[in-house]
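Structure first, then comments.
There are 2 protein chains.
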Amino acid sequence: MNKKKSNYSEYALFHLAVDSIIFGFDEGELKLLIHKRKFEPFMGDWSLFGGFLKEEESLSDAANRILFELTGLQKIYMEELQTYGDIERDPAGRVLSVAYYALIPAHRYSEDYSKQYGATWVSLKELPDLIMDHNDMVKSALRRLRRRTASQPIGFELLPREFTIPQLQSLYEAIYQTELDKRNFRKKILSMGVLVKLEEKDMSGSRKGAFLYRFDKRKYERLIEKGYNFTI
Amino acid sequence: MNKKKSNYSEYALFHLAVDSIIFGFDEGELKLLIHKRKFEPFMGDWSLFGGFLKEEESLSDAANRILFELTGLQKIYMEELQTYGDIERDPAGRVLSVAYYALIPAHRYSEDYSKQYGATWVSLKELPDLIMDHNDMVKSALRRLRRRTASQPIGFELLPREFTIPQLQSLYEAIYQTELDKRNFRKKILSMGVLVKLEEKDMSGSRKGAFLYRFDKRKYERLIEKGYNFTI
DNA sequence: TCAAAAGTGTTGTTGATACACCCATGA
DNA sequence: TCATGGGTGTATCAACAACACTTTTGA
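Order-wise, the sequence lines are chains A and B.
Residues 235 to 466 in this note's numbering are what the first sequence spells out, letter by letter.
Residues 235 to 466 in this note's numbering are what the second sequence spells out, letter by letter.
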């Protein structure tokens, strides 16, 4: 113990996995991207997207790499959730798993992709049994998503760059599982001054059409600097 | 890859550490418990309390064990913060560290303990340089503590079981680095109905003395069930 | 008797909620 | 012309912020 530099060889070694809870928003519902596991144990069972940390990469690099390898997605909002470290969580060996949750604009994830990568969107309300502790991870991610969305504008990550106010409201309603008054919602979200109204309308949702807006990240960041607190 | 059960032997192995950011509250200030590291590398430098995960223990068990071994403290509020996984964070080898933050009532940590374990309380305002990424961990823990304290009654973990309203207020002022109006603070905290007023007074802080209160966890939990949201 | 901290109410302002009708358009 | 979702304003209520004086007691 008195060497100038220790290589810690007396301490135990562990496998480290990264699992991602991938949220999307489509058809007015909050969804999760899952797939059928491709290796043992639990091959063929429903699972989150995960993989193992490599020697030469940082944890966050691993999270991004694994998301990319399994879904083809890049530059995605991700946040670390928690590390799962129970001894018996994986019957095939001691593996700790760092859970990340990711928000992707569902429109960016086409059918083609989905087939190519064997990925499936499932509604959170009809979530099947997932392997190991993955259902716990989802629960925890959902709690975190709710807390975060209430105080930071990460909801926009789930929408296309241009979106309508009714779309945004429906997203918040899906996240919180509650109905919101559209007048009050519009008033509040617009009063923050972080949305830019465009000239165009989105005609897909109604006869009348709804104006498109864009989230102004710069304005938002200026507000944050001044101590503004984004809340719904 | 087609074995019925894999032992993942093809994947890399890592050392896993746990580091704890230990907050205390004393003399109207938020403090951190640190010590001088006892092994290389960085022996003798200021460090958080940390240790290595063992083969036969879960991550949360490790966090509690390490806190106990290094400080003698048990049954302490702890929450996982984040896992630090940069490649070069420890020059002596690839080690990932799971950071936990802990809240201890400083009065429970006597001078004797402090000497026995070589631990020192330092004010957050005069925090020295800590080893590796430990200063980042502290920053992150402080952010988390502020968010948490605003929405959950974890502040009480930093006070003795019986405390006065002015003490509680001074705790919140220390956490948020701001001054609060004592009439408004008292009104708000009492209106939640989770404090029980005792007959006794604490005479140590003033001539007049201040009534002691106790946090009623059961009442609080009943409120939470009903969807109540604790906020300062 | 004085210094020092504890304790107490009211008012104005702001933000949250509740609520109902007209508008634009494609079919 | 009608069915559908988009868009708008006001009134009430609750929560928050600002603010100054009296009380108790040990020294």
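Each residue gets a CB set at the ideal place from its N, CA and C atoms; glycine is no exception.
Burial state of LYS265(B) (16 or more Cβ within 10 Å): The residue labelled residue 265(B) in the question sits at position 31 within the second sequence. It counts as buried.
CB contact below 8 Å: MET235(A) versus chain B: Translated into the one-based positions of the first sequence, residue 235(A) becomes position 1. For MET235(A), the predicted model reports a pLDDT of 40, less than 50, meaning its position is unreliable; a value from the coordinates is still stated below. The beta-carbon of MET235(A) is placed less than 8 Å from the nearest beta-carbon of chain B.
Which of the three DSSP states is assigned to MET235(B) in this structure? Here residue 235(B) corresponds to residue number 1 of the second sequence, with the count starting at 1. Model confidence at MET235(B) stands at a pLDDT of 41, short of 50, so the residue's coordinates are unreliable; what they give is reported in the following sentence. DSSP places MET235(B) in coil when its eight states are reduced to three.
Kindly indicate which three-state DSSP category GLU433(A) falls into: helix, strand or coil? Along the first sequence, one-based indexing puts residue 433(A) at 199. In the structure shown, GLU433(A) sits in a strand (DSSP, three-state: E or B).
Could you check where the alpha helix (DSSP H) with ILE409(A) kicks off and where it finishes? As a first step, residue 409(A) is located in the first sequence; it is residue number 175 there, counting from the start. First-last of the alpha helix (DSSP H) with ILE409(A): 399-410.
For chain A, is any of its Cβ atoms less than 8 Å away from the one on LYS238(B)? The residue you call residue 238(B) lines up with position 4 of the second sequence. Note that LYS238(B) scores a pLDDT of 42, beneath 50, so its modelled location is shaky; the value from the coordinates is reported in the next line. Yes, LYS238(B) lies at the interface with chain A (some Cβ there is under 8 Å from its Cβ).
If you draw a straight line from the C-alpha of PHE276(A) to the C-alpha of GLN308(A), how long is it? Numbered from 1 along the first sequence, position 42 holds the residue referred to as residue 276(A). Numbered from 1 along the first sequence, position 74 holds the residue referred to as residue 308(A). The alpha-carbon atoms of PHE276(A) and GLN308(A) are separated by roughly 27 Å.
Out of LEU429(B), LYS272(B), GLU263(B) and ASN298(B), point me to the one whose CA is closest to LEU392(B)'s CA. Here residue 392(B) refers to the residue found at position 158 of the second sequence. Checking every option, the nearest Cα to that of LEU392(B) belongs to GLU263(B).
Considering only their Cβ atoms, is the gap separating ILE409(A) from TYR335(A) smaller than 8 Å? Taking the first sequence and counting its residues from 1, one reaches residue 335(A) at position 101. Taking the first sequence and counting its residues from 1, one reaches residue 409(A) at position 175. Their beta carbons are not under 8 Å apart, which means TYR335(A) does not touch ILE409(A) by this criterion.
Apply the 10 Å Cβ neighbour rule to HIS249(A) and answer buried if 16 or more other Cβ atoms are within range, or exposed otherwise. Residue mapping note: residue 249(A) aligns to position 15 of the first sequence, counting from 1. Buried, by the Cβ-count rule.
Alpha-carbon spacing of LEU376(B) relative to PHE419(A), whole angstroms: Along the second sequence, read from residue 1 onward, the residue named residue 376(B) stands at position 142. Along the first sequence, read from residue 1 onward, the residue named residue 419(A) stands at position 185. If I take the Cα positions, the gap works out to 32 Å.
Helix, strand or coil for ILE388(A), going by three-state DSSP, please let me know. For the purposes of this step, residue 388(A) is taken as residue 154 along the first sequence, with counting starting at 1. Note: ILE388(A) maps to coil in three-state DSSP.
Quick one: grab the DSSP three-state call for ASP295(A). Numbered from 1 along the first sequence, position 61 holds the residue referred to as residue 295(A). For ASP295(A), the secondary structure class from DSSP, reduced to helix, strand or coil, is helix.
Under a Cβ-count criterion, where at least 16 other Cβ atoms within 10 Å of its own Cβ denotes burial, should GLY284(B) be classed as buried or exposed? By one-based count along the second sequence, residue 284(B) stands at place 50. GLY284(B) counts as buried, since no fewer than 16 other beta carbons sit within 10 angstroms of its beta carbon.
Is there at least one Cβ from chain B nearer than 8 Å to ASN298(A)'s Cβ? Here the question's residue 298(A) lines up with position 64 in the first sequence. No, ASN298(A) lies away from the interface with chain B (no Cβ there is under 8 Å from its Cβ).
Between the segment 318-329 of chain B and chain A, which residues of the former have a C-beta closer than 8 Å to a C-beta of the latter? TYR318, GLY319, ASP320, ILE321, PRO325, ALA326, GLY327, ARG328 and VAL329: these are the residues of the segment 318-329 of chain B whose beta carbon lies less than 8 Å from some beta carbon of chain A, given in chain order.
TYR311(A) to ARG381(A), Cα distance in whole Å? Start at 1 with the first residue of the first sequence, and residue 311(A) comes out as number 77. Start at 1 with the first residue of the first sequence, and residue 381(A) comes out as number 147. The alpha-carbon atoms of TYR311(A) and ARG381(A) are separated by roughly 16 Å.
Closest to ARG395(B) by CA distance: which of LEU414(B), GLN403(B) and VAL430(B) is it? Numbered from 1 along the second sequence, position 161 holds the residue referred to as residue 395(B). The residue from LEU414(B), GLN403(B) and VAL430(B) with its alpha-carbon nearest to that of ARG395(B) is VAL430(B).
Anything in the segment 239-251 of chain A with a Cβ closer than 7 Å to a Cβ of chain B? List those residues in chain order, please. Listed by position, the residues of the segment 239-251 of chain A near chain B (Cβ gap below 7 Å) are LYS239, SER240, ASN241, TYR242, TYR245, ALA246, LEU247, PHE248, HIS249 and LEU250.
Closer than 8 Å at the beta carbon, the chain B residues around GLN403(A): Taking the first residue of the first sequence as position 1, residue 403(A) is located at position 169. Correct list: empty, because the minimum Cβ distance to chain B is about 22 Å.
Would you call the CB atoms of PRO400(B) and ALA444(B) closer than 8 Å? Walking along the second sequence from the start, residue 400(B) turns up at place 166. Walking along the second sequence from the start, residue 444(B) turns up at place 210. A Cβ-Cβ contact shorter than 8 Å links PRO400(B) with ALA444(B).
In whole angstroms, what separates the C-alpha of ASP253(A) from that of ASP295(A)? Position 19 of the first sequence holds residue 253(A). Position 61 of the first sequence holds residue 295(A). Going from the Cα of ASP253(A) to the Cα of ASP295(A) covers about 13 Å.
Limits of the unbroken beta strand (DSSP E) element including LEU250(B): As a working mapping, residue 250(B) is identified with position 16 in the second sequence. Going by DSSP, LEU250(B) is part of the beta strand (DSSP E) stretching over 249-260.
Where does LYS270(A) sit, in a helix, a strand or coil, going by DSSP? Mapped onto the first sequence, residue 270(A) falls at position 36. DSSP places LYS270(A) within a strand segment (E or B) once states are collapsed to three.
Same chain, Cβ closer than 6 Å to VAL372(A), neighbours up to 5 away in sequence not counted: Stepping through the first sequence from its first residue, residue 372(A) is reached at position 138. Taken in chain order, the residues that qualify are ILE255.
Return the chain-ordered list of same chain residues with a C-beta closer than 7 Å to the C-beta of PRO325(A), the five sequence neighbours on each side being excluded. As a working mapping, residue 325(A) is identified with position 91 in the first sequence. Within the same chain, PRO325(A) has close Cβ partners PRO275.
Within 8 Å, do at least three Cβ pairs link the segment 345-353 of chain A to the segment 296-306 of chain A? With the cut-off at 8 Å, the segment 296-306 of chain A and the segment 345-353 of chain A touch.
Less than 8 Å between the C-beta atoms of THR398(A) and LEU446(A), yes or no? Within the first sequence, numbered from 1, the residue matching residue 398(A) stands at position 164. Within the first sequence, numbered from 1, the residue matching residue 446(A) stands at position 212. Between THR398(A) and LEU446(A), the gap from beta carbon to beta carbon is short of 8 Å.
Collapsed DSSP secondary structure at PHE464(A) in the structure displayed: As a position in the first sequence, residue 464(A) is number 230, starting the count at 1. For PHE464(A), the secondary structure class from DSSP, reduced to helix, strand or coil, is coil.
Give the straight-line distance between the Cα atoms of GLN316(B) and ARG328(B), rounded to the nearest whole angstrom. Looking up residue 316(B) in the second sequence gives position 82. Looking up residue 328(B) in the second sequence gives position 94. C-alpha of GLN316(B) to C-alpha of ARG328(B): approximately 17 Å in a straight line.
Alpha carbon to alpha carbon, what distance is there between ALA246(B) and GLU290(A)? For the purposes of this step, residue 290(A) is taken as residue 56 along the first sequence, with counting starting at 1. For the purposes of this step, residue 246(B) is taken as residue 12 along the second sequence, with counting starting at 1. Taking the straight line joining both Cα atoms gives about 9 Å.
Would you kindly report the start and end of the unbroken beta strand (DSSP E) that includes ARG417(A)? Translated into the one-based positions of the first sequence, residue 417(A) becomes position 183. For ARG417(A), no beta strand (DSSP E) encloses it; the enclosing alpha helix (DSSP H) starts and ends at 416-425.
How about GLY482(B) and SER438(A): do their beta carbons lie closer than 8 Å? Outside the modelled stretch of chain B, which goes from 235 to 466, sits residue 482(B), for which no answer is possible.
Cα-Cα separation, PHE259(B) to LEU405(B): One-based indexing of the second sequence puts residue 259(B) at position 25. One-based indexing of the second sequence puts residue 405(B) at position 171. Distance between the alpha carbons of PHE259(B) and LEU405(B) is about 7 Å.
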